[in-house]
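Residue numbers (this note's numbering): -12 to 603. For each residue, glycine too, the CB sits at the ideal point set by N, CA and C.
What follows is the structure, encoded as structure tokens:
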């Protein structure tokens, strides 16, 4: 099976030519770092040699639950790759050296994470939850908690999980019923059940540190009464020596459509009234602390969606450039006998260009969001505030838009391969099965849309939104000055103006406290905003590529450029990017104009529909 994961050339283009990542090295925080391409190259090598070979076996064999001792075994093939991953220090590559990290920019870490997710989602998904647990302890824990838990989590010696969801408290986090009762020694007795806990039990580490959301006995209902607790699978002394098992166990695992190699557990806490938990941070501040962990995960889940799309697209390219069937419809090929590679059929090219446009635009969006995070850390005052505002605004879009489209892109990849795409001979059907859950992880995409509209737009009075629109204006101005992108400039400008009008209309609707149209329009709005942002990023890329093509080929004629690009270094790469950017803007973004009309439509049928009317 071919190892087709992430387009390294496109990663380098976004990092180096578009975002100019080297400029981060001018700041003291990153001044000791250079050679980012070397890290990227090593990540590709490691992912292909260690992670990717485990994927097929893990999907086929899955995780095994033993109901007698209530344990879970991950696929045996995971153990050595995870050991090498931990030895390489990959998990904490972007964390402060003071906590055992390497201090690399998040922008680079995002590129590396895309590679690892594409190669070994099951292993890397569990590892990143461990990172999230370590980060929240780093942020809110005591010195003793950091020394005992954080350092062992960042090193991979111990692993972690995030435990929010309950059977009656999924999206409604405030309905959590897990109880924490104070003990005389300052610890808490935890009692409750959590469901859908990724990597809640397994045999990949000697200890699992659960971050459990619970309500201290007597605290108020709702989110304000929740606290966060460190609940180890095994209790230890202050030096990390394991003493005894905690009253925590896995009561069963889910049988799922996909992600067979990454276990999803139901976890029981305190069945014997002996589950010990340690308060993290302040009592009643649990939702703030947990969302610190969830926001990191939401960006990563968006990246998960991108990784599935990337792998599906590259496999589709590989399949269509090797599968031979049908005659060419091009007049110049009329005298050539015999069938051709199916990539030569216009409808197949259309599907490949669609996938390529989404993947490359979404990669730019994910990396740009991480770059905003980096600049928020190295700048000060209003500038830092503006960068942070962009991260807050873009987070729900990265999470929802990239994952929603992964389901679309993997489906289109199946279509490219025809009947074989639906069979397990190729990875297409696995990618589709695995990717769907990303639309559900860390808050469903509908919740992300409401977060975008109510918190990130309306509550913010469009401040961050307008800052982002200003950046789009700068790109439009730069593209217009080239004189060769007038059609693309016109389309992006029109889409941007429609987006501003839609945001203003939603803000106006919000003036009526009884208006619930906003709930019906939230998801369509996130979708069109995602389209416009991807169109903007493609236009940004065209401002780099368009002047480069004549430089590479020595010709201004697109016809001559097409003939000459194959003869110059990286010519076909830049030509391919130019075509996919023009296609996305000229076709997909133009289609978005119709979506804006949908936003203007009457929401009354959605609002007025009652439950029994669906079936009569």
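Chain-order list of residues whose beta-carbon lies under 6 angstroms from that of residue i (same chain, five-residue window excluded)
i	result
residue 16	365
residue -12	Here residue -12 scores only 44 on pLDDT, less than 50, and its place in the model should not be relied on; the value that follows carries that caveat. None.
residue 432	387, 391 and 426
residue 532	561, 564 and 565
residue 509	436, 437 and 440
residue 121	137, 140 and 141
residue 89	80
residue 381	356
residue 231	222
residue 454	373
residue 71	37
Option nearest residue i by Cα separation, candidates the options
i	options	result
residue 137	194, 384, 154 and 186	194
residue 220	148, 487 and 430	148
residue 265	128, 162 and 275	128
residue 428	29, 43, 39 and 150	150
residue 610	233, 187 and 126	This structure leaves residue 610 out entirely; the chain is present only between -12 and 603.
residue 243	224, 174, 162 and 424	424
residue 291	115, 198, 543 and 155	115
residue 463	21, 402, 483 and 179	483
residue 10	414, 361 and 212	361
residue 401	218, 487, 478 and 302	302
residue 68	13, 84 and 143	143
residue 459	573, 267, 480 and 245	480
Proximal residues to residue i (C-beta, below 8 angstroms), its chain only, five neighbours per side dropped
i	result
residue 555	539 and 540
residue 313	326, 327, 329 and 332
residue 397	295, 296, 299, 415, 418, 419 and 422
residue 191	61, 65, 66, 69, 113 and 146
Buried or exposed (CB count within 10 angstroms, at least 16 for buried), residue i
i	result
residue 317	exposed
residue 202	buried
residue 253	buried
residue 399	buried
residue 587	exposed
residue 171	exposed
residue 210	buried
residue 309	exposed
residue 106	buried
residue 101	buried
residue 450	exposed
residue 359	buried
residue 164	exposed
residue 283	buried
residue 207	exposed
residue 557	exposed
residue 28	exposed
Nearest-angstrom Cα separation, counted from residue j out to residue i
i	j	result
residue 600	residue 394	29 angstroms
residue 124	residue 112	19 angstroms
residue 0	residue 346	14 angstroms
residue 456	residue 64	48 angstroms
residue 489	residue 377	19 angstroms
residue 293	residue 214	33 angstroms
residue 271	residue 152	18 angstroms
residue 379	residue 494	18 angstroms
residue 117	residue 182	18 angstroms
residue 95	residue 420	28 angstroms
residue 50	residue 593	41 angstroms
residue -5	residue 180	43 angstroms
residue 513	residue 287	18 angstroms
residue 543	residue 535	10 angstroms
residue 35	residue 22	21 angstroms
residue 133	residue 276	15 angstroms
Within-8 angstroms CB hit, residue i to chain B
i	result
residue 530	Note that chain B does not occur in the displayed structure, where there is just one protein chain.
Contact set for residue i: own chain, Cβ-Cβ below 7 angstroms, skip 5 residues either direction
i	result
residue 570	340 and 344
residue 240	50, 52, 59, 250, 251 and 252
residue 447	none
residue 567	340, 343, 344 and 347
Any contact of the stretch 259 to 278 with the stretch 65 to 79, i.e. 3+ C-beta pairs under 8 angstroms? no
Would you say the stretch 340 to 354 touches the stretch -4 to 14, given that touching needs at least three Cβ pairs under 8 angstroms? Cβ pair count under 8 angstroms is three or more, so yes.
Problem set entry | At least 3 beta-carbon pairs within less than 8 angstroms: the stretch 515 to 528 vs the stretch 465 to 484 | yes
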